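Chemist: Note that the working numbering numbers the sequence shown so that position 68 is 683, with each residue one more than the last.
Glycine included, C-beta positions come from ideal geometry on N, C-alpha and C.
Since the model is a prediction, treat every value here as computed from it, not as a measurement.
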Amino acid sequence: MYTRIQGKWEVSMKLLGRALSALWAGVCCLPIAGQVEYAQANHSTPLAEKEWTFLIYMSADNDLYQFAWRNLAQAAEIGSNQNLNVVVHLDIKTPGKPKVTKRLYLEKNKVLQVEPDACMDSGAEETLTSAALWALKKYPSRHFALVFWNHGFGDLNPVLKRIANPAHLFHYNTRTGLIELDRSIPFMEYNQLVTEQSHKEECQRGICFDETNYNYLDDNKLIRSFKRIREERNGENIDFVIFDACLMAMTGTAALCRIFSNWMVASQEVVLGPGYNYNLTLRPFAEGQTDCAEISKQIVAGYYATYGKLTEDYTQSAINLAYFDLINQNIDLVAQLLIEGLQHQKKQSVKALIRSCRNRHLCTYFDEPSYIDLFDFYSNLLKRLNSVQLEDAIATEDYMIRLANTLVNGLELAKDLVAANICGKNLARARGISIYFPEYRINNVHHNSYQYTYFAQSNHWPDFLRAYLN
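See below:
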């Protein structure tokens, strides 16, 4: 399989490179680093309080380093103003140079380094906490947005020696002029194959991978750091947690974030390397807007403006985390009802129903095929309930009514949970949040890790998966 992947690289990477170069250089009006001034500055005392502080926690000690300065230049096109502080914790390692950590304050067309060079571990909770407290204390504000800029893996915990660049999963279609995603290679398998070629030490999952220290932020580290951030904000939640990373719009991510944040913005699918166009992402914050629902819609619209004409393999959604507990309870009820159906089914009818509704030809799935769209799966179940048979007609009718009502309630809640959602034609039924659901039982370290996620430990969904897959 690796030979096949290599062959695809050789055939398509030059074309993909041209397409991405066009993207970076101007198709989406993305600036290059040379267009901004870089200077030193001394911010020894806190600035006056503003409406927003927007912190980009930029973990570029990996193969994403090439996009870091371009994203900084985009953000500097907006820069800080009377409403907004744009601050960056940058951890970067470029070829031939030592790893370095910089803390930056962005003004209009200026990137100001406001702390001496250091060497920190972006995968350590102490570094994230330190960066957030620095931003909150030096640049006080009434509202706070935190961006995680890095690779993402959703709800599974891959064991990796290095993190593979997701851009290699795309190819350029000369006929359509679009960048297309190859879903024939499961995301976790691809990373395993690629990283087997590396001689680096083992690095595990999470987000904000630091390839010098072989470290990462996992659920427990994020929880401890988020607690400290909330304490610094006198008990107030983070307003926005934004993932400039792949595959993070999932129930597992939302379950963790909802404890400490009001809103989450992320992609269900793999993200192209350039990520957000920060020129667009920052505009509502710079304008001093405070309606988070409206801001979330503008962030999602900016993502569409960036990628809508370049590829049909994209998603972006804004999640109102105030509704996640209700969705979590609903998923729990659906899981329990499906378990009940599997226990009392006749002629394997419930298992056949689930299999058909989760099937790749019917249910929206992503580059990691064990991630499916939650509400597309719900809709499929609702449409096909008539195929269910339990021990007798009365039990069957009662079961169908209870499951149908629970699915309808979940689909209604989805309208409140997902405040904004966009997707390309290849993912036309994606509705904003994914859930882990492999088609077959998979026994390896990546998939076994799911049971330890925060979401899985508070929900019967893993019990349903075991009942169905076994």
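1. Between which two residues does the alpha helix (DSSP H) carrying threonine 868 extend?
2. Is the beta carbon of asparagine 1074 sitting closer than 8 Å to the one on asparagine 943?
3. Three or more beta-carbon pairs under 8 Å between the region 681-692 and the region 923-931, yes or no?
4. Taking three-plus beta-carbon pairs below 8 Å as touching, is the region 1064-1083 in contact with the region 936-956?
5. Using CA coordinates, which residue listed in Ile987, Phe682, Ala933 and Thr905 is at the minimum distance from tyrosine 918?
6. Suppose contacts are defined by Cβ-Cβ distances below 8 Å. Is tyrosine 986 in contact with serine 1064 by that definition?
7. Find out if the Cβ-Cβ distance for the pair asparagine 700, tryptophan 667 is shorter than 8 Å.
8. According to DSSP, simplified to helix, strand and coil, what is glutamine 569?
9. Secondary structure at threonine 618, three-state DSSP: helix, strand or coil?
10. Quick check on the DSSP output: what are the complete alpha helix (DSSP H) runs of length 4 or more inside the region 678-753, in order along the chain?
11. Excluding the 5 residues flanking asparagine 1085 on each side, which residues of the same chain have their C-beta closer than 6 Å to its C-beta?
12. Between which residues of its own chain and glutamate 730 is the CB-CB distance below 6 Å, once the five residues before and five after are set aside?
13. Any idea what DSSP makes of alanine 760, helix, strand or coil?
14. Please state whether DSSP places tyrosine 1014 in a helix, a strand or coil.
15. For serine 840 and serine 737, what's the separation of their Cα atoms in angstroms?
16. I'd like to know whether the C-beta atoms of methionine 1087 and leucine 1026 end up nearer to each other than 8 Å.
17. Give the straight-line distance between the Cα atoms of phenylalanine 759 and isoleucine 1037, rounded to the nearest whole angstrom.
18. Mind checking who methionine 673 pairs with in its DSSP beta bridge?
19. Can you grab the Cα-Cα spacing for the pair leucine 771 / phenylalanine 1079, in whole Å?
20. Could you tell me which of Arg845, Asp706, Leu832 and Gln697 sits nearest to glutamate 740, measuring between CA atoms?
21. Output the boundary residues of the beta strand (DSSP E) element that contains phenylalanine 855.
22. Name the one or two DSSP bridge partners that tyrosine 980 has.
23. Please state whether DSSP places threonine 926 in a helix, a strand or coil.
24. Quick one: is cysteine 734 buried, meaning 16 or more other Cβ sit within 10 Å of its Cβ, or exposed?
25. Could you please give me the residues that DSSP links to glutamate 652 through a beta bridge?
26. Would you tell me roughly how many angstroms separate the C-alpha atoms of proline 1077 and glutamine 1066, rounded to the nearest one?
27. On the three-state DSSP scale, how would you describe alanine 967?
28. Leaving out the 5 sequence neighbours to the left and right, which residues in its chain are closer than 7 Å to leucine 957 when beta-carbon positions are compared?
29. Per DSSP, what kind of secondary structure is glutamate 666 in: helix, strand or coil?
30. Relative to the C-alpha of tyrosine 754, which candidate in Gln681, Gly711, Lys842 and Ser659 has its C-alpha closest?
31. To the nearest angstrom, report how far apart glycine 850 and leucine 968 are at their CA atoms.
32. Alpha carbon to alpha carbon, how far is glutamate 983 from alanine 869?
33. Mark glycine 769 as exposed unless 16 or more other C-beta atoms lie within 10 angstroms of its C-beta, in which case mark it buried.
34. Within 10 Å of its beta-carbon, does arginine 873 have 16 or more other beta-carbons around it, so buried, or fewer, so exposed?
35. Report yes if the C-beta distance between isoleucine 707 and aspartate 678 is below 8 Å; otherwise report no.
Modeler: Inspection of the coordinates gives the following:
1. Unbroken alpha helix (DSSP H) run through threonine 868: 866-872.
2. Yes, the pair counts as a contact, with Cβ atoms nearer than the cut-off.
3. As far as the Cβ criterion goes, the region 681-692 does not touch the region 923-931, which means the pair count is below three.
4. Result yes; three or more Cβ-Cβ pairs closer than 8 Å.
5. When the alpha-carbon of tyrosine 918 is set against those of Ile987, Phe682, Ala933 and Thr905, the nearest one is in Ala933.
6. No, they are not a contact pair.
7. Taking the C-beta atoms as reference points, tryptophan 667 is found nearer than 8 Å to asparagine 700.
8. Because the chain is modelled from 616 through 1085, residue 569 falls outside the range shown and cannot be assessed.
9. Low confidence applies to threonine 618: its pLDDT is 34, below 50, so where it sits in the model is not reliable, and the reading given next is rough at best. DSSP places threonine 618 in helix when its eight states are reduced to three.
10. Within the region 678-753, the complete alpha helix (DSSP H) segments at least 4 residues long are 680-693 and 740-753, listed from N- to C-terminus.
11. Counting only Cβ-Cβ distances below 6 Å, and skipping sequence neighbours, we find nothing.
12. Within the same chain, Cβ atoms closer than 6 Å to the Cβ of glutamate 730 are found at Arg718, the five residues on either side in sequence being excluded.
13. In the displayed model, alanine 760 falls within a strand according to three-state DSSP.
14. In the three-state scheme derived from DSSP, where H, G and I count as helix and E and B as strand, tyrosine 1014 is classed as helix.
15. Cα to Cα, serine 840 sits roughly 13 Å from serine 737.
16. In the structure as shown, the chain begins at 616 and stops at 1085. Residue 1087 is therefore absent and cannot be evaluated.
17. Phenylalanine 759 and isoleucine 1037 have their C-alpha atoms spaced approximately 24 Å apart.
18. DSSP, once it has assigned bridges, lists Leu705 and Trp764 as partnering methionine 673.
19. Between leucine 771 and phenylalanine 1079, the C-alpha separation is close to 17 Å.
20. Shortest Cα-Cα distance from glutamate 740 to any of Arg845, Asp706, Leu832 and Gln697 involves Leu832.
21. Here the beta strand (DSSP E) through phenylalanine 855 covers 853-859.
22. The partner list for tyrosine 980 (beta bridge, DSSP) reads Ile987.
23. If DSSP states are grouped into helix, strand and coil, threonine 926 belongs with the strands.
24. Exposed, because fewer than 16 other Cβ atoms sit within 10 Å of the Cβ of cysteine 734.
25. Bridge partners of glutamate 652: Lys725.
26. Their backbone Cα atoms lie some 7 Å apart in a straight line.
27. Correct three-state label for alanine 967: helix.
28. So the list reads Val965, Lys966, Ala1082 and Tyr1083, once near-sequence residues are dropped.
29. Glutamate 666: strand per DSSP, three-state reduction.
30. Minimum Cα distance to tyrosine 754 is reached at Ser659.
31. If I take the Cα positions, the gap works out to 46 Å.
32. Approximately 18 Å between the Cα atoms of the pair.
33. Glycine 769 should be labelled buried.
34. Arginine 873 should be labelled buried.
35. Aspartate 678 is positioned such that its CB atom lies no closer than 8 Å to that of isoleucine 707.
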